[in-house]
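Structure first, then comments.
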Amino acid sequence: MANAKAKKVFNELIASCDTFLFDCDGVLWQGYNAIPGAAAVVNFLKKSGKQVIFVTNNSTKSRDKYVAKLSSLGFPSERKNTFGTAYTSAKYLKDIAKINGKVYVIGNEGIGEELDNLGIEHLGIGPDDTSTSQDYDDIKRCELQENVEAVLVGFDGHISFSKLIKAGSYLRDPNCIFVATNDDSRVPLGDSDHIVPGTGAMVKSVCIVAGREPDVWCGKPGKLMFECIQKSHDIDPDQTVMVGDNMKTDIVFGKQNGLKTLLVGTGVATEETIKAILQNSDPALKEQTPDYVLPSLGDWADFCS
Numbered sequence: 001m002a003n004a005k006a007k008k009v010f011n012e013l014i015a016s017c018d019t020f021l022f023d024c025d026g027v028l029w030q031g032y033n034a035i036p037g038a039a040a041v042v043n044f045l046k047k048s049g050k051q052v053i054f055v056t057n058n059s060t061k062s063r064d065k066y067v068a069k070l071s072s073l074g075f076p077s078e079r080k081n082t083f084g085t086a087y088t089s090a091k092y093l094k095d096i097a098k099i100n101g102k103v104y105v106i107g108n109e110g111i112g113e114e115l116d117n118l119g120i121e122h123l124g125i126g127p128d129d130t131s132t133s134q135d136y137d138d139i140k141r142c143e144l145q146e147n148v149e150a151v152l153v154g155f156d157g158h159i160s161f162s163k164l165i166k167a168g169s170y171l172r173d174p175n176c177i178f179v180a181t182n183d184d185s186r187v188p189l190g191d192s193d194h195i196v197p198g199t200g201a202m203v204k205s206v207c208i209v210a211g212r213e214p215d216v217w218c219g220k221p222g223k224l225m226f227e228c229i230q231k232s233h234d235i236d237p238d239q240t241v242m243v244g245d246n247m248k249t250d251i252v253f254g255k256q257n258g259l260k261t262l263l264v265g266t267g268v269a270t271e272e273t274i275k276a277i278l279q280n281s282d283p284a285l286k287e288q289t290p291d292y293v294l295p296s297l298g299d300w301a302d303f304c305s
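Residue numbers (the UniProt record's numbering): 1 to 305.
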């Protein structure tokens, strides 16, 4: 019965969609392992003439690094078909905000690479060696640079007290732009017993310190990500499906941009949360309700011969 449902969803989307947008973590892979059967599905879609675009909220890698990871796990791609929040954030700062000064970054090397590619001066990436306590004389050792026009917050495994001091201090200037990559609360780790904070936890920390919300979100579910994709690809929303594992980001992203939506249960969304959202009649949750549900993208592999 489950196989018949998967076949029905497969046939409907193959017939009605010419573009497939795929989230990566929790949809194509978990950690460093590809989800069984997922590569066969994605590569079948490409061979069938479908436009395949990878859309991730992960800011830790540049597009080039993401292309390398995709290829290593069996999902050959090109830079032009790969969109991450490190890239969309850099594009926003360059093309829309048009900043001329520096960007203070709470984030990873992926953001730095994309900023470098666009010639944007930045600081803050990596461990902050400033040893800071709550002692006032100690806090004064956190040197603040001049001409910082934006604070960009993404995922940062080195986030610290001193980084929060600097981000909050720069953002006291109302003209300093507060840019956030995404609001994902957790990093999907499959069946791990550990809960890993996502970028959303780091953004929220800066919000509390700065006393303000981000001026712009550069990832899903915001419209900026879709606009960035549309500028370089011919996409008809009516013939496009967003495939993701997170109802609050992937599914809302699809709904807000007029796309069909497919939720898989191999990442953030569990069987229990999927069942709860499908049974909930609260209108406020309508945007989180997917058009289609699939336990795993790999369930389609049998239909891809």
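Virtual Cβ for every residue (Gly too), placed ideally from N, Cα, C.
Computed from a prediction, not measured in an experiment: that's the story for all the values here.
Minimum Cα-Cα distance from K140 among the listed residues K166, D183, E121 corresponds to K166.
Taking 8 Å as the upper bound for CB-CB distance, M225 and V55 are in contact here, some 7 Å apart.
Q256 carries a helical assignment under DSSP once its states are collapsed to helix, strand and coil. DSSP links W300 through a beta bridge to no other residue.
Taking all protein chains shown into account, P174 has fewer than 16 neighbouring C-beta atoms within 10 Å of its C-beta and is therefore exposed.
Counting only the Cα atoms, Y87 lies some 9 Å from C218. Counting C-beta pairs closer than 8 Å gives three or more between the segment 257–269 and the segment 222–242, which meets the contact rule.
Taken in chain order, the complete beta strand (DSSP E) segments of 3 or more residues contained in the segment 195–283 are 240–244, 260–264. DSSP places L28 in no alpha helix (DSSP H); its state is neither H nor E. K275 and P36 have their C-alpha atoms some 23 Å from each other. Across the structure, L262 and E143 are spaced so that their CA atoms are roughly 47 Å apart. Distance from the CA of N147 to the CA of E287, rounded to the nearest whole angstrom, comes to 40 Å. Residue environment: G101 is assigned as exposed (fewer than 16 neighbouring CB atoms within 10 Å of its CB, all protein chains considered).
H158 counts as exposed, since fewer than 16 other C-beta atoms from the protein chains shown sit within 10 angstroms of its C-beta. Under the three-state reduction of DSSP, E149 is assigned to strand.
Proximity to K94 across G298, R186, V27, L115 peaks at L115, based on C-alpha coordinates. Secondary structure note for G112: its alpha helix (DSSP H) is the uninterrupted segment 109–117. Distance from the CA of A39 to the CA of G154, rounded to the nearest whole angstrom, comes to 28 Å.
For F22, there is no enclosing alpha helix (DSSP H); the enclosing beta strand (DSSP E) covers residues 19–22.
Looking from the CA of L73, the closest CA among E113, V27, Y292, I111 belongs to V27. Here DSSP, grouped into helix, strand and coil, assigns G37 to coil.
Contact between G200 and D183 holds: CB atoms are separated by about 4 Å, below the 8 Å threshold. Comparing alpha carbon positions, the residue from E149, R63, D156, I53 closest to C17 is I53. In the structure shown, R79 adopts helical secondary structure according to DSSP, grouped into three states. Residues of the same chain with a CB within less than 6 Å of the CB of S185, apart from the 5 flanking positions on each side, are G198, G200 in chain order.
Across the structure, F22 and H194 are spaced so that their CA atoms are roughly 25 Å apart.
For I125, the closest C-alpha among the options S205, V264, V105, T270 is that of V105. According to the DSSP assignment, L164 belongs to the alpha helix (DSSP H) that extends over 161–170.
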